[in-house]
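> Please read through the structure below; I'll follow up with questions.
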Amino acid sequence: MVLNVNGQDRKVTIEPRVTLLRALRNHLDLTGAKEICDRGGCGGCTVLLDGKAVNSCMMLAVDAVGKKVATVEGLASGDKLHPLQAAFVKHDGLQCGFCTPGMVMACKALLDHNKTPSLTQIKQGLAGNICRCGTYTRIFAAVQTAAKEI
Amino acid sequence: MPKLKTKVGFRGFSKEIEVNIPDGEPAPWGLDAKLRVVGTDVPRVDGALKVTGRAKYTYDQHPPGMLWAKILHAPWGSASLKSLDYAKAKSLPGVKGVYVFKEAGRALPYHGDEILAIAAESEEEAEDAIAAVKIEYERRPVSTTIAAALKPGAPAVFEGEQNLKPAKLTGEQAKVDAALKGAAKVVEGTYTTQIQTHSSLEPHGTLAMFEKDGSLLVYASTQSTFGVKGDAVKLSKLPDSKVRVLCEMVGGGFGSKMHLAPSGMAAIELARQTKRPVKCMVTREHEHTTGGQRPASVQKMKAGVARDGKVVAWQVEHHGTGGVSQGGSGAANPTIYLLGEKVKSETAVFTNSGPSTSMRAPGHPQGIWAMECLLDDCAHAIGMDPLELRKKNNDDEVYVAQWDLGAQKIGWSERRQKVPGKLGGIVKRGLGMASSIWRQMGGPGAEVDVVIHKDGSVEVLNGAQDIGTGTRTVMATVVAEELGLRPEKIKVSLGDTRWPVGPGSGGSKTAPSIGPASRNGAYQAKQRLIALAAKKLGVDAKDLGLEGGLISGKGQRMTFEEACALIGNEPIRERGVRGKNYEFYKNLAHGCQFAEVEVDTETGNVRVIKVVSVQDAGRVIDKLLFESQMIGGVIQGLSYALHENHVLDKNYGVQMNADLNTYKIAGPVDMPEIVAVAFDLANAGNNCGMMGIGEPANIPTAAAIGNAVFNATGARVRSLPITPDRVLAALAEAKAAVKGKG
Chain A
335 MVLNVNGQDR
345 KVTIEPRVTL
355 LRALRNHLDL
365 TGAKEICDRG
375 GCGGCTVLLD
385 GKAVNSCMML
395 AVDAVGKKVA
405 TVEGLASGDK
415 LHPLQAAFVK
425 HDGLQCGFCT
435 PGMVMACKAL
445 LDHNKTPSLT
455 QIKQGLAGNI
465 CRCGTYTRIF
475 AAVQTAAKEI
Chain B
536 MPKLKTKVGF
546 RGFSKEIEVN
556 IPDGEPAPWG
566 LDAKLRVVGT
576 DVPRVDGALK
586 VTGRAKYTYD
596 QHPPGMLWAK
606 ILHAPWGSAS
616 LKSLDYAKAK
626 SLPGVKGVYV
636 FKEAGRALPY
646 HGDEILAIAA
656 ESEEEAEDAI
666 AAVKIEYERR
676 PVSTTIAAAL
686 KPGAPAVFEG
696 EQNLKPAKLT
706 GEQAKVDAAL
716 KGAAKVVEGT
726 YTTQIQTHSS
736 LEPHGTLAMF
746 EKDGSLLVYA
756 STQSTFGVKG
766 DAVKLSKLPD
776 SKVRVLCEMV
786 GGGFGSKMHL
796 APSGMAAIEL
806 ARQTKRPVKC
816 MVTREHEHTT
826 GGQRPASVQK
836 MKAGVARDGK
846 VVAWQVEHHG
856 TGGVSQGGSG
866 AANPTIYLLG
876 EKVKSETAVF
886 TNSGPSTSMR
896 APGHPQGIWA
906 MECLLDDCAH
916 AIGMDPLELR
926 KKNNDDEVYV
936 AQWDLGAQKI
946 GWSERRQKVP
956 GKLGGIVKRG
966 LGMASSIWRQ
976 MGGPGAEVDV
986 VIHKDGSVEV
996 LNGAQDIGTG
1006 TRTVMATVVA
1016 EELGLRPEKI
1026 KVSLGDTRWP
1036 VGPGSGGSKT
1046 APSIGPASRN
1056 GAYQAKQRLI
1066 ALAAKKLGVD
1076 AKDLGLEGGL
1086 ISGKGQRMTF
1096 EEACALIGNE
1106 PIRERGVRGK
1116 NYEFYKNLAH
1126 GCQFAEVEVD
1136 TETGNVRVIK
1146 VVSVQDAGRV
1156 IDKLLFESQM
1166 IGGVIQGLSY
1176 ALHENHVLDK
1186 NYGVQMNADL
1196 NTYKIAGPVD
1206 MPEIVAVAFD
1216 LANAGNNCGM
1226 MGIGEPANIP
1236 TAAAIGNAVF
1246 NATGARVRSL
1256 PITPDRVLAA
1266 LAEAKAAVKG
1276 KG
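So the sequence lines, in the order shown, correspond to chains A and B.
Following the working numbering, the numbering of the first sequence begins with 335 at its first residue and continues without gaps.
Following the working numbering, the numbering of the second sequence begins with 536 at its first residue and continues without gaps.
Here's what the structure looks like:
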């Protein structure tokens, strides 16, 4: 099947039961998105599907055919970080970094749909994402900074 | 050993102490030291890697030809393995190897116990093969909680063994009894805490591969590369020089990843069997059931307090359970305060639950929860401000300064309910506080190579790991300070056992062990660079200094890069060795947290509105990351206080919530306002005067929240987590007590 990932058509030969997440990770070596809970309960596998944030562990790769998949790897332009990524670094919105790709993509979806979110809207927009190190309040600050810069 | 005087203390308090500095080490930074980089906000040096998804964790490693391994684990809380037949599983397409942990006949004393592992060409094929294993169990009765395990005739967790070990006793009961008699008020209560799982987002896992020359290469999600190496050497029976452990990034550990886990054993054995690289990452369910946990506790306490607020007697009967392991099930109670005559009995109890491992400040969150709540009970009994009572029992200048600062930032005197629960209305607000203590200064066992190249680039190397605490950034900051450069100019490489030795990340000792070693290496390398410059400039090396990218003195100057150009074919390479700790101002990290909560007295729901955390850990190296650790500690503590609970079915011993949907970890919506105050302390003890902040930051949150709930409602919840049903029960109990008095 052909998956359109970060603007490129990528051919993969996989069984129909393979999830979008495992197709990206195990067959296209896009390892940014993580399988953390495998139940749609943590947001670690968040990617954008036609601009909407989805848990890529909860859908099959075949269901993404014909749609546009955006992963964290496609956000920066070369070495230049996307303003949202730069804001994450500036405010230290990460520690171990394992939830970070999912968080960044959830924040991207949030800001794409609401350019000036309030603190409550940010919290609600990220409600599907878990961070174990406890970086949430840093991430809220990063989103507020990025909202001003985008 | 050069002797010198250094100024220690903090803003508002200072004194001079004499320190004996090991030969070849720079002097510690004194209180008035003018530091350019240390103490400022230095962004994480590996931040860009992590936000772009380019950071490669063990879980992300896919070498060519790699097989995927999955583990079959026990589905019951206690069973014996009647029969095990994996012939069909082995014959399935893609299956390449089977490693058996436990043969038929063995006991499986907890849900999640490892039975076998299978390696296959794809992740899905490995999962299919696990599902195809034919297995019969004979279930046994279980003891799932401390209370259940202590009942007469309770099922034995291990056949033929008692569920509890003999109690450890300290102190004299007669002295405590006498002191209780003389007390103005006696308070008592049984405080309990639940099992908390580490829930690292990257589960335990290992990738193992044997190279052509027979040597073993291991990628491990670990907080101790050298610990895993030692375990892998033992398991593989290879010589030390033939085993190499790599760990570039770790998705959290919190104490659970100090050793080669069963998944690592499976990866190594299956790699040997199949002659292919094998990666074995455990599932979320398996991570919950066997990845480690903070032991549950039951702490029955009694205290006597004098009219002036001095606690005169303290009695604790503690039971703790680390599941099938009894280690680490103690509780830090009493500590911090004087508390008069003390007696304590501690008993470790076996239960049918996965083994405990150290978890972020082992023993402390549970011990401090019980102790700080009972201290509030003491204050309430004599009608004293709880903060005042603490000052009566500890007058250390650092604690007092931190308490005052925290009290001011939360609005203690204005916002606290003078009479707990007195405020009208359905939703009530209140304030509470608690303190922390942590004794860990780091020490020998860390060596760091600092390399200055001819092109002006600087490399820093150590074999230990950065589990997300920011070790890389701390090292870059210390070296940058010493070399007069910006931290982003320093390339720090961690996580390869071929590089110099470093500690396991336990006890908050990584930074205070590696940091001073880094400074020693940078200091020595700097001397060599200055010597080259001195020779070129024709001045004495001791007249030259290096600051802000310039080597200057005696009217002569040269840029750092110009001096580096003088380096010959071999770069300057110096190994900094962490010496022993020397004289210090403080050998412990202090801290306190203040919480404001809102309690809905109709639903029992608790919302944390604000937490103020004030913590020190000696010299603050990177303020941004230090505060991040503090914030993370508060959030994990809040999660422990209100949400997390590892629930075992009492009949079958099966964990009912071994996932992230029903094992509740605090999420974005639960976040209060968090104010982190990094309390900088000039301390000596080592050349950076630093300690670690990872663990202390997590200690007092639950107790502060529990005390705030009491202040808001006048009702005491004595069990964690503070769930709505417990709040409602405590409110009913408080109401009944008032009626009883009336």
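Ideal Cβ positions, reconstructed from N, Cα and C, are used throughout, including at glycine.
Suppose you measure from the CA of residue 1075(B) to the CA of residue 1083(B); what does that come to, to the nearest Å?
For residue 1075(B) and residue 1083(B), the distance between alpha carbons rounds to 20 Å.
> Is there contact here, the segment 470 to 480 of chain A with the segment 1206 to 1216 of chain B, by at least three beta-carbon pairs under 8 Å?
They touch, by the three-pair rule.
> Check for me: the beta strand (DSSP E) holding residue 1183(B) runs from which residue to which?
Looking at the DSSP string, residue 1183(B) is not in any beta strand (DSSP E), and its letter there is neither H nor E.
> Check each candidate in 599(B), 829(B), 657(B) and name the one with the smallest Cα separation from residue 746(B).
The shortest Cα separation from residue 746(B) among 599(B), 829(B), 657(B) belongs to 599(B).
> Less than 8 Å separating the beta-carbons of residue 459(A) and residue 440(A)?
Taking 8 Å as the Cβ cut-off, residue 459(A) and residue 440(A) qualify as a contacting pair.
> Assuming residue 543(B) and residue 1016(B) form a contact by the criterion Cβ under 8 Å, report the distance between their Cβ atoms to the nearest whole angstrom.
Contact doesn't hold; Cβ gap of about 18 Å is too wide.
> Could you give the DSSP three-state label for residue 558(B): helix, strand or coil?
DSSP places residue 558(B) in coil when its eight states are reduced to three.
> Under a CB-based cut-off of 8 Å, is residue 484(A) close to chain B?
Chain B, which has no Cβ nearer than 8 Å to the Cβ of residue 484(A), makes this no.
> Using a Cβ cut-off of 8 Å (strictly closer), state whether residue 785(B) contacts chain A.
It does; some Cβ of chain A falls within 8 Å.
> When burial is assigned at 16 or more other CB atoms within 10 Å of the CB, is residue 1122(B) buried or exposed?
Exposed, since its Cβ has fewer than 16 Cβ neighbours within 10 Å.
> Between which residues of its own chain and residue 768(B) is the CB-CB distance below 7 Å, once the five residues before and five after are set aside?
So the qualifying residues of the chain are 775, 778.
> Does chain A have any CB closer than 8 Å to the CB of residue 597(B)?
By this cut-off, residue 597(B) is an interface position.
> Short of 8 Å Cβ to Cβ, which residues in the segment 400 to 412 of chain A face chain B?
Under the 8 Å Cβ criterion, the segment 400 to 412 of chain A contributes 405, 406, 407, 409, 410.
> Indicate the three-state DSSP secondary structure (helix, strand or coil) for residue 734(B) in the structure shown.
In the structure shown, residue 734(B) sits in coil (DSSP, three-state: anything other than H, G, I, E or B).
> Provide the residue span of the alpha helix (DSSP H) that contains residue 938(B), from first to last.
Unbroken alpha helix (DSSP H) run through residue 938(B): 932 to 945.
> Going along chain A in order, which residues have a C-beta closer than 9 Å to the C-beta of residue 1196(B)?
Result: 371, 373, 374, 375, 376.
> Give the DSSP bridge partners of residue 646(B), in chain order.
Note: residue 646(B) sits in no beta bridge, so no partner.
> With 8 Å as the threshold, decide whether the Cβ of residue 461(A) is near any Cβ in chain B.
Cβ-Cβ to chain B under 8 Å: yes for residue 461(A).
> Measuring only between beta-carbons, confirm whether residue 1206(B) sits less than 8 Å from chain A.
Yes - at least one Cβ of chain A is within 8 Å of the one on residue 1206(B).
> Hey, does residue 734(B) have any beta-carbon neighbour from chain A nearer than 8 Å?
True, the Cβ-Cβ gap to chain A drops below 8 Å.
> Under 8 Å between beta-carbons, which chain A residues line up against residue 760(B)? List them in chain order, please.
Per Cβ cutoff of 8 Å: no residues; residue 760(B) is ~16 Å from chain A at best.
> When you check each C-beta in the segment 801 to 822 of chain B against every C-beta of chain A, which residues fall closer than 8 Å?
Cβ contacts with chain A: 818, 819.
> List, from N- to C-terminal side, the beta strand (DSSP E) runs of 3 residues or more that fit wholly inside the segment 662 to 733 of chain B.
Runs found: 669 to 674, 703 to 706, 720 to 728.
> Considering just the uninterrupted stretch of the beta strand (DSSP E) at residue 632(B), what are its terminal residues?
Unbroken beta strand (DSSP E) run through residue 632(B): 630 to 635.
> Helix, strand or coil, according to DSSP, for residue 1233(B) in the structure here?
Residue state, collapsed to three classes: helix.
> Just grab the DSSP bridge partners of residue 1095(B) for me.
BP columns for residue 1095(B) are empty, so no partner.
> Under three-state DSSP, which class holds residue 854(B)?
Strand, per DSSP.
> Going by DSSP in three states, residue 415(A) sits in which element: helix, strand or coil?
Residue 415(A) falls in the coil class under three-state DSSP.
> If the cut is a Cβ gap below 7 Å, which residues of chain B does residue 426(A) touch?
By Cβ distance, chain B contributes 578, 579, 1159, 1160, 1163.
> With DSSP as the reference, label residue 907(B) as helix, strand or coil.
Reduced to three states, the DSSP call for residue 907(B) is helix.
> Report buried or exposed for residue 1273(B), applying the criterion of at least 16 other Cβ atoms within 10 angstroms of its Cβ.
The residue is exposed, with fewer than 16 neighbouring Cβ atoms inside 10 Å.
> Could you give the distance in angstroms between the alpha-carbon of residue 1214(B) and the alpha-carbon of residue 897(B)?
Between residue 1214(B) and residue 897(B), the C-alpha separation is close to 23 Å.
> By a C-beta neighbour count over all protein chains shown, 10 Å radius and 16 as the cutoff for buried, is residue 649(B) buried or exposed?
Buried, because 16 or more other Cβ atoms sit within 10 Å of the Cβ of residue 649(B).
> According to DSSP, what are the bridge partners of residue 1125(B)?
Residue 1125(B) pairs with 972(B).
> Using the Cβ count rule (16 or more neighbours within 10 Å means buried), how would you classify residue 1065(B)?
Answer is buried; the Cβ neighbour count reaches 16.
> Is the Cβ of residue 659(B) closer than 8 Å to any Cβ of chain A?
Output row for residue 659(B): interface = yes.
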